[in-house]
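Here is the structure we will look at, set down as structure tokens.
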Ligand SMILES: NC(=O)c1ccc[n+]([C@@H]2O[C@H](COP(=O)([O-])OP(=O)(O)OC[C@H]3O[C@@H](n4cnc5c(N)ncnc54)[C@H](O)[C@@H]3O)[C@@H](O)[C@H]2O)c1
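Residue numbers (this note's numbering): 2 to 246.
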């Protein structure tokens, strides 16, 4: 029997990238998958979804509707994957207060809104939450202080809510490293891309499926004794600087 048969899972940011790969993997493990995304058109192309919900996850009404709509359709919730995110690569002096607020809204406030609304339903099923943080929360990688600050908040939120919601609901996170989703490599040839990946200890950039595997594991019964953890999915990128010898 499939690990997620009869389970209902919500994945935000499911229209593309890591969210889409995660939705597909949950569906192939037997879950009923609800996908939420700002981009309703792209969401419509994800055939594996049992329900598609639009809206901005940082908006309280929209976030609540994602949980309420799921419960209205399926009557239960077993896992919530907070994945929707947006990245602002900019020197700090150029970040406007509005851009700061937008980064914090999508990348941190939305997690609070969705988890708080989902908690009663998750507590009923013994469910769990998986938050998508980032290696950027743990190491400097490039100038994106609003993004890194929000992701550091996601790790703190994961730890605190894991303690507050135990034993009813487990709360974990993944911290992806360089994953080939953001268009950074779109202009590269396969050889250039392979060359780019060689700078990382495991010798390649990550694929969305690398992160999806970790998310589905943390949401599964195999992770029943894991809560409050942030699992790096980075190819070892954060381990240190390249050896001199
Ligand atoms: N790709 C990487 O290298 C990387 C590294 C570390 C962390 N992450 C994190 O992984 C998650 C997914 O990233 P990705 O690379 O798949 O990105 P992506 O841009 O490919 O996909 C993100 C999805 O989220 C949706 N989204 C954005 N803002 C939204 C909002 N306000 N409301 C609802 N939906 C919204 C987008 O429409 C998009 O479909 C993000 O939280 C990101 O910060 C990515």
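All C-beta atoms in this analysis are idealised placements derived from N, C-alpha and C, irrespective of residue type, glycine included.
Residue i versus the options, residue with shortest Cα-Cα distance
i, options, result
"residue 82", "7, 44, 133", "133"
"residue 123", "26, 49, 56, 172", "172"
Coarse secondary structure for residue i, derived from DSSP in three states
i, result
"residue 108", "helix"
"residue 202", "coil"
"residue 171", "strand"
"residue 93", "helix"
"residue 53", "strand"
"residue 242", "coil"
"residue 71", "helix"
"residue 98", "helix"
"residue 126", "helix"
Residue i: first and last residue of the uninterrupted beta strand (DSSP E) it sits in
i, result
"residue 33", "33 to 37"
Contact test: residue i Cβ vs ligand 1 heavy atom, cutoff 7 Å
i, result
"residue 57", "yes"
"residue 136", "yes"
"residue 183", "yes"
"residue 171", "no"
"residue 209", "yes"
"residue 40", "yes"
"residue 180", "yes"
"residue 17", "yes"
"residue 129", "no"
Residue interval of the alpha helix (DSSP H) (run including residue i)
i, result
"residue 209", "209 to 220"
"residue 159", "146 to 166"
"residue 44", "41 to 44"
"residue 23", "18 to 29"
Residue-chain proximity (residue i, chain B), Cβ-Cβ < 8 Å
i, result
"residue 214", "No chain B appears in the structure shown, which is made up of a single protein chain."
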